[in-house]
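Student: Could you have a look at this structure, given as structure tokens, before my questions?
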Amino acid sequence: MFFKNHPTLKKILIGLFVFSWVLLLAWSFHPVRVFTRIQIAHALGWHSGAMPRDTEEIIALQEFHPRSQLIPEDPQKPEKPGFPLVEFHGHIFPSYKDDLFKEMTALRTGLFIDLALRTTTVEKYDALRARYPSERLIIFPGLNYDRLKEEGDPFQKMADDLEALARDRGVKGLKLWKDLGIFRKYKGEIIPLDDSRLDPIWDVCAKYHLIVAIHTADPPAFFDPIDEKNERFEELARRPEWSFYGDGFPDFRELLAERDRLFARRRDVQFVALHFAELAHDLGSARKLLEENPNVMIDTAQRIDELGRHPRAVQDFFMKYQDRILYGTDGPPDRGKAEIYWRFFETDDDYFDYYPEYKPRKGLWKIHGLNLPDTVLRKLYYQNALKLLNISEKDFFRYIE
5 MFFKNHPTLK
15 KILIGLFVFS
25 WVLLLAWSFH
35 PVRVFTRIQI
45 AHALGWHSGA
55 MPRDTEEIIA
65 LQEFHPRSQL
75 IPEDPQKPEK
85 PGFPLVEFHG
95 HIFPSYKDDL
105 FKEMTALRTG
115 LFIDLALRTT
125 TVEKYDALRA
135 RYPSERLIIF
145 PGLNYDRLKE
155 EGDPFQKMAD
165 DLEALARDRG
175 VKGLKLWKDL
185 GIFRKYKGEI
195 IPLDDSRLDP
205 IWDVCAKYHL
215 IVAIHTADPP
225 AFFDPIDEKN
235 ERFEELARRP
245 EWSFYGDGFP
255 DFRELLAERD
265 RLFARRRDVQ
275 FVALHFAELA
285 HDLGSARKLL
295 EENPNVMIDT
305 AQRIDELGRH
315 PRAVQDFFMK
325 YQDRILYGTD
335 GPPDRGKAEI
345 YWRFFETDDD
355 YFDYYPEYKP
365 RKGLWKIHGL
375 NLPDTVLRKL
385 YYQNALKLLN
395 ISEKDFFRYI
405 E
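Residues 5 to 405, numbered by our numbering, are exactly what the sequence shown covers, in order.
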């Protein structure tokens, strides 16, 4: 009744209603918002020059590489390590073409442990050793999983292959990759890490005092959905085959529990839990692991990205467990990567990248240095490894120029 008596007002209100929706629709477009804000800034006198109008509001994550404006007063970027190195977590891939020993010398690396999981027989060991005859390269072979396809007891056959390598070639250790426990199967079933059928293998390791370098699981983000809440979204979106989320894969904690039961059951075997035992994000659990398992050490390979996020707690951890941690970087000699490791361990620099420019990042964070004392650095870099490998410092320093 009211609008019948006031038709003009009705038209005005309808017009305002339509106009408001038009404005809302226009405001949903980024260029309109940018243009409007620029005009308001000019009108208020906040800016008198030209302002960018083509700024993207949304860009692809892989294209987002912000440059930090932080200017440290005294940044330290070591070009060589403070002490010589034993690379305890190295890999020499078939594609590697550089001069290994020349590169090792350039990085002050006296010994290099090649975790050669594809070197599974005496014949394959001999082929790799022919390529790298120097004793500066120490080869840890892998298990011969081809035996799982054969009749009879494949676990005993794998143990026999390993024993031949230990007895006839004098190998010092064994490399186990993360496939064991996650997706390595026998007769259609995943082989648990603490499966008693593996005992013949551990018996060989105990008999020949082999060091078992074991990679179990991956960071917990690899077991979470690849979504907006995953801090490693960029890494996993780039490499979705690295994800262990979903049906058919064991739980992260379940895997670590299997591994820890193995450690507890086989006190007669020396283990190195690679990648900081996948506990670089959880020092409480890492502490518990070392306290409960005197036959376990850990390495630093590919986990300074996690460690560098809580440097004060990590520094305390390194001080307390300085006899249980080994230096490793995971890969062939790589100066760009190694210099970041040295910077992390040796300096108190803040807020720097954990990866060289030519490597992809894992997540959107920086790291902070530990500034470890020399006594701890010596143990981390070479002394702990030499003790584990039963190599004297006198023999080791023959390789250092």
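We put the beta carbon where it would ideally sit given N, CA and C, even for glycine.
Since we're looking at a predicted model, the values are computed, not measured.
Taking contact to mean 3 or more Cβ pairs, one atom from each stretch, closer than 8 Å, check whether the segment 169 to 180 and the segment 246 to 258 are in contact.
Tutor: Counting Cβ pairs under 8 Å, fewer than three are found: no touch.
Student: Just reading off the beta strand (DSSP E) that G288 is part of, what are its end residues?
Tutor: Here G288 belongs to no beta strand (DSSP E); instead the alpha helix (DSSP H) covers 287 to 296.
Student: To the nearest angstrom, how far is the alpha carbon of H285 from that of I371?
Tutor: Their Cα atoms are separated by approximately 13 Å.
Student: Pick out whichever of I344, F68, L104, E239 has its Cα sitting closest to the Cα of R140.
Tutor: Selected option, being the one with the closest Cα: L104.
Student: Three-state secondary structure (DSSP) at P364?
Tutor: Coil, per DSSP.
Student: Does the distance from the C-beta atom of G185 to that of E296 stay below 7 Å?
Tutor: Not in contact: G185 and E296 (Cβ atoms no closer than 7 Å).
Student: Pick out the complete alpha helix (DSSP H) segments inside the segment 173 to 221, 4 residues or longer, and give them in chain order.
Tutor: Counting only runs of 4 or more, we get 183 to 186, 203 to 211.
Student: Determine the DSSP secondary structure at V300, reduced to helix, strand or coil.
Tutor: It is a strand residue.
Student: Alpha helix (DSSP H) containing E350: first to last residue?
Tutor: Where E350 is concerned, the enclosing alpha helix (DSSP H) stretches over 339 to 350.
Student: At least one CB of chain B closer than 7 Å to the CB of L27: is that the case?
Tutor: Here there is only one protein chain, and chain B is not present.
Student: What's the call for G250, buried or exposed, on a 16-neighbour Cβ count within 10 Å?
Tutor: Exposed.
Student: Please give the ranges of any alpha helix (DSSP H) in the segment 212 to 275, keeping only runs that are unbroken, at least 4 residues long and fully inside the region.
Tutor: DSSP runs (the alpha helix (DSSP H)) wholly in the segment 212 to 275: 237 to 242, 256 to 269.
Student: I think N234 touches F267, with their Cβ atoms under 8 Å apart; what is that distance to the nearest whole Å?
Tutor: Going by Cβ atoms, the distance from N234 to F267 rounds to 29 Å, so no, they are not a contact pair.
Student: Got a sec, what are the start and stop residues for the alpha helix (DSSP H) F92 sits in?
Tutor: It is not in any alpha helix (DSSP H) - F92 instead sits in the beta strand (DSSP E) that spans 89 to 94.
Student: Considering F400, what are the terminal residues of the alpha helix (DSSP H) in which it resides?
Tutor: Element bounds for F400: 397 to 400.
Student: Can you have a look at P35 and say buried or exposed, based on whether 16 or more other CB atoms are within 10 angstroms of its CB?
Tutor: Under this definition P35 is an exposed residue.
Student: Determine the burial state of L119: buried for a count of at least 16 other Cβ atoms within 10 Å of its Cβ, exposed for fewer.
Tutor: Burial call: buried.
Student: Roughly how many whole angstroms lie between the Cα atoms of K341 and L376?
Tutor: Each residue's Cα considered, the two are about 19 Å apart.
Student: With DSSP as the reference, label L141 as helix, strand or coil.
Tutor: Here L141 sits in strand by DSSP.
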